[in-house]
Structure formats: structure tokens, C-alpha cells
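Since the structure comes first, as C-alpha cells, the remarks are kept for the end.
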Amino acid sequence: MAHEDVLAQTLVKEILRLVDGKLRFMEVCGTHTVSIFRSGIRSLLPKGLELISGPGCPVCVTPVGEIDRAIALTRLKEVTLLTFGDLMRVPGASSSLSYERALGRDIRVITSPLDALKIAVGAQNRKIVLFAVGFETTSPAIAATVKEARRREIHNLYLLSSQRLIPPAIKTLLSSGKANVDGLLLPGHVSVIIGKAPYSFIARDFSLMGVITGFEPLDILEGICMLLRQKAQGRSEIENQYRRAVKDQGNRLALQIMEEVFQPVIARWRGLGKIPDSGLTLREEFEDMDAAKVFDLPLEDKEDPPGCCCGEVLQGLKSPPDCPLFGKRCTPDDPIGPCMVSSEGSCGAFYTYGVLQ
Amino acid sequence: MCLGVPGKIVSIEKDLAEIDFGGIKREASLLLCPEATEGDYVLVHVGFAIERLNEGEALGRLRLLKEIEETCLGSAEDGT
Chain A
-8 MAHEDVLAQT LVKEILRLVD GKLRFMEVCG THTVSIFRSG IRSLLPKGLE
42 LISGPGCPVC VTPVGEIDRA IALTRLKEVT LLTFGDLMRV PGASSSLSYE
92 RALGRDIRVI TSPLDALKIA VGAQNRKIVL FAVGFETTSP AIAATVKEAR
142 RREIHNLYLL SSQRLIPPAI KTLLSSGKAN VDGLLLPGHV SVIIGKAPYS
192 FIARDFSLMG VITGFEPLDI LEGICMLLRQ KAQGRSEIEN QYRRAVKDQG
242 NRLALQIMEE VFQPVIARWR GLGKIPDSGL TLREEFEDMD AAKVFDLPLE
292 DKEDPPGCCC GEVLQGLKSP PDCPLFGKRC TPDDPIGPCM VSSEGSCGAF
342 YTYGVLQ
Chain B
21 MCLGVPGKIV SIEKDLAEID FGGIKREASL LLCPEATEGD YVLVHVGFAI
71 ERLNEGEALG RLRLLKEIEE TCLGSAEDGT
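Protein sequence lines, in the order shown, are assigned to chains A and B.
So for the first sequence, the working numbering puts the first residue at -8; every next one is plus one.
So for the second sequence, the working numbering puts the first residue at 21; every next one is plus one.
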């Protein structure tokens, strides 16, 4: 038997031994959700232990108004919009970036913000706008790109920021009291940047436990084990399972670059509403690169699509199959809500891996 | 979206590294991880190395597992 199989069996045995009564653990991060489904971890867990998905999918929590603002930008003739691929098919109020591209708008998919620098240099007559969606994992890379554009005197690159911060969202979720969770698997790659300290409120204010967890199936099983051990020992602490990548203090330089370029701002999250200091906007000295200001695009609050339960799914209040649209009107081929679109959305994962479970 | 892929640094030129992801080689920026050197394993996200991977911890991650095995040893029907 392969070494990993033996380890997995050992961990599963320990989980079975430790589960006592009913427990709900939330995996905050969408990448965890996908790994859990792909590896079949749910099918190994005892009935009393429920894993629920949280708000950690940047594409899923981006509200309709912000998608529409990006679409409005693409209708300006001089603008080229750059986006990560996941966002292309997220429906706005009446269109999507993918649909707009089919109409001939200049929209390009990139895999790294560094591509934006190359494209801007190669197309001096165009105004290049990077639609920046992401959490703390991504924001330092965006910030470094902004600084590089400034250093290299690239004047035709702009940023449309839809970036968000994870700890304020967790706080809002727990404060609402509705999610009813016993412990949290905390996002490994957000934590690479921010470290352990920003989660301390989880233990201090809510007496809940959290474990920063990696993304391999064995990491996730070990993370669950660590939560169960805390429970058994009556502890509520923030622990780090993903020690090979996450330092307690995070990546100090990345945080510093991020803080140099961005400042926290109130932001609306799909499902969670407006949360103070949970978004990132460019600081005053970089304002001339802020697409929302330069192109004067106000942000409108818009309703989620009728019938779509993404908002509740993102808070752990509903499971995707509880949504009346799931698998019927809303499928990965023809999605209504973002949780079905994104490769790490909970609905997409349920549809792809979970229907038969 | 928060995918991070581990790879090994093959060579470095200024702040760009050539990284080997199990046979596929790609460039990544070291702006967020300037202390990384040739031979290091780094975690790469959207074209940026965001942290060096700690080999000691990677190998030592079995600590908890060993503990479990020890605590279970007496009772387990040891299917291994």
C-alpha cells in the first residue's frame, strides 16, 4: 500500500475516534472545497461531522454591481480589459464579460498581473485596465505590478480593484451567529501572506478554533484532526497545519508592498453585504491609475439574480442542492450565479463531483 | 483563485526566476520573495513566488501522524 494511503487511513481512523456528537466545520477557502470534493474526503467522514463551504471564493463574492462596472468599462472604445479567466462567465445584471467579448469588445484573459505590464508596453495607444479580483494571496502581486508600472513609467495601465480581505468577512460571518460552526479550516495561501495573528479574534472573541490548512488531501485530513483534537481537549486556538509554507508572521515584505499601494475600504460582498475595511483601493499617490476614478464609473448596488442562493451558500446557510435553480436552470454550462461558474465555487464543485454522493 | 503551485528554482536573473514545475519550466517574479535562491522550492501564485517552502517542515509534517500512531497503537487493529 502506498505510503500516502497508509497516512490517510491513520488520519481517518483518528477522525472516527475523535468525532463525538454533531459537529460543523467550515472550510473558508474555495480551493479547499474543490480539493475535498476531488479527493472524496466527504465520503470518508462520519455522519456527525459536516463540512460546509465558506465565503473564500473571490469570484463568488464579487457582487453584480462590480461585474457590471467592468462590463461598462469594456464599452469604452479606447479600453482593453484584462481579467483572470474565472470572471469571464460570471453573469452581471444583463450580460457577462464573455458575452461582451463575443460582441467584439477588447477583453483578454491573463494568468499573471505581469502580463498586464507587457500588454501595456506593447499597446501604447490603448488604455489597459486590469480587473483585479482576489484576496490577500493575490493582492501583493497586484501591488507589485502597480509599483513596477510606476517605476517603469508605464502610463497607460489602470487598475479596477475588486480585491477583498478575508478576516473581516470571517468576523462578519461569525458575528451574524447564523452560520453555526464549531471550527474553521483557514485558507492556507491567504495565510502565507497574512500569517496567524489576524485570525486571533476567532479564538478570543468567538471561542472558536481554527487551523490554517494546506490543500493536499492529507493536509485537509490533518487539519480536521487538529480541530477535533482541540475540541477533545477543550481548547480554542489558532493552529497552523501548513507549516511548510506558512510562517506565523506571514510574508512581511508582501504585506508591506500591499500596504504601500492599497488601503482598506468598505466593500460589498455577495451574501454578506457591506463590510467595513474589507476591500482594497489604491492609495492617493496611485490615484491616477484607479480606473473607477479616471473613467468616472460609479458603483451601483444591484440585486442578485432572482432565485439564486449563492448568498446563502457563501455563508454556509444552504447547501447548493437546496437551491431551486441548482442543476436545473443553473449548470456549469449555463450558470445563473457565480458559485456555479468559478472552478472553486461550491455549486460547481457539488455539480461536478458531488451529485452522486 | 488562491491556487499556489510549488516549483524548484532553476536559475535567477535579476528579479525573475526560472522555475521547474515537475518538468514544465516557467518564469516567476521574485519581487515578493527576494531571499529565494537557486535550488529553493517556492510557492508560485499568479506568476509570483510568494514564499519559500520549508523542506524541514515538509518532511516533518508527519509529526502529528506519528503521535496518532503511537496513541492508537494499543487499540488499533492495524490495517497497515
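Cβ coordinates follow ideal geometry from the N, Cα and C atoms, glycine included.
Just so you know, these numbers come straight off a predicted model, no measurement behind them.
Bounds of the beta strand (DSSP E) holding Gln254 (chain A) are Phe253 to Trp260.
Cβ neighbours of Phe286 (chain A) within its own chain (closer than 7 Å, five residues either side excluded): Leu64 and Leu67. Counting only runs of 3 or more residues that sit fully inside the region 75 to 139 of chain A, the beta strand (DSSP E) segments are 98 to 101 and 118 to 125, in chain order.
With its beta carbon less than 8 Å from one in chain A, Phe68 (chain B) belongs to the interface.
Contact residues of the region 210 to 226 of chain A toward chain B are Asp210, Glu213, Cys216, Met217 and Arg220 (C-beta to C-beta distance below 9 Å). Identification of chain A residues near Gly24 (chain B) by a Cβ-Cβ cut-off of 9 Å yields Thr22, Thr128, Gly179, His180, Val183, Phe206 and Ala236, ordered along the chain.
Sorting A:Glu278, A:Asp59, A:Leu308 and A:Pro312 by C-alpha distance to the C-alpha of Leu148 (chain A) places A:Glu278 at the top. Nearest Cα to Ala223 (chain A) within the set A:Met200, A:Ala245 and A:Pro208: A:Met200.
Taking one beta carbon from each stretch, the region 102 to 117 of chain A and the region 140 to 159 of chain A have 3 or more pairs nearer than 8 Å; the two touch.
Interface residue (Cβ-Cβ distance to chain A less than 8 Å): Leu50 (chain B) is not classified as such. For the options A:Pro159, A:Asp77, A:Glu213 and A:Gln254, the alpha carbon positioned closest to that of Glu275 (chain A) is the one of A:Gln254.
Taking Cys216 (chain A) as reference, the option from A:Arg99, A:Pro326, A:Leu2 and A:Ile193 with the minimal CA-CA separation is A:Leu2. The distance from the Cβ of Val81 (chain A) to that of Val50 (chain A) is about 6 Å, consistent with a contact at the 8 Å cut-off. Per DSSP, Leu2 (chain A) is not a residue of any beta strand (DSSP E); the alpha helix (DSSP H) it occupies stretches across His(-6) to Leu9. DSSP places Gly47 (chain A) inside the beta strand (DSSP E), whose first and last residues are Leu40 to Gly47. For Ser153 (chain A), no CB of chain B lies under 8 Å from its own CB, so it is not counted at the interface with that chain.
Contact with chain A is absent for Glu33 (chain B), since none of that chain's Cβ atoms lies less than 8 Å from the residue's Cβ. Proximity of chain B to Thr102 (chain A) at the Cβ level (cut-off 8 Å) is accounted for by Val66 and Gly67, in chain order. For Gly270 (chain A) against Arg155 (chain A), the beta-carbon gap comes to about 6 Å, under 8 Å, which counts as contact. At a cut-off of 8 Å between C-beta atoms, Phe28 (chain A) does not count as an interface residue with respect to chain B.
No Cβ-Cβ contact shorter than 8 Å links Val183 (chain A) with Glu75 (chain B). By the beta-carbon neighbour count (other beta carbons within 10 angstroms, threshold 16), His(-6) (chain A) is exposed. Under the criterion of beta carbons closer than 8 Å, Glu18 (chain A) and Ser153 (chain A) do not qualify as touching, at roughly 23 Å. Under the DSSP definition of a beta bridge, Ser49 (chain B) partners with B:Leu36 and B:Phe68. Look at Leu35 (chain A): its C-beta is not under 8 Å from any C-beta on chain B.
Nearest neighbour of Leu308 (chain A) by Cα position, chosen from A:Arg96, A:Val137, A:Glu139 and A:Arg15, turns out to be A:Arg15.
Taking the Cα positions, Ala135 (chain A) is about 43 Å away from Pro315 (chain A). At a cut-off of 8 Å, the C-beta of Glu38 (chain B) has no neighbouring C-beta in chain A.
The three-state secondary structure of Lys293 (chain A), taken from DSSP, is coil. When DSSP reads this structure, Phe206 (chain A) sits in no beta bridge, so it has no partner. Nearest CB-CB separation between Val50 (chain A) and chain B: below the 8 Å threshold. The Cβ atoms of Ile98 (chain A) and Ala107 (chain A) do not sit closer than 8 Å to each other.
Under DSSP, Tyr149 (chain A) forms a beta bridge with A:Val120. Annotated as proximal: Val202 (chain A) and Leu218 (chain A), with beta-carbon spacing under 8 Å.
Within the region 298 to 311 of chain A, no residue has its Cβ closer than 9 Å to any Cβ of chain B. Buried is the label assigned to Ile29 (chain B), since at least 16 other Cβ atoms lie within 10 Å of its Cβ.
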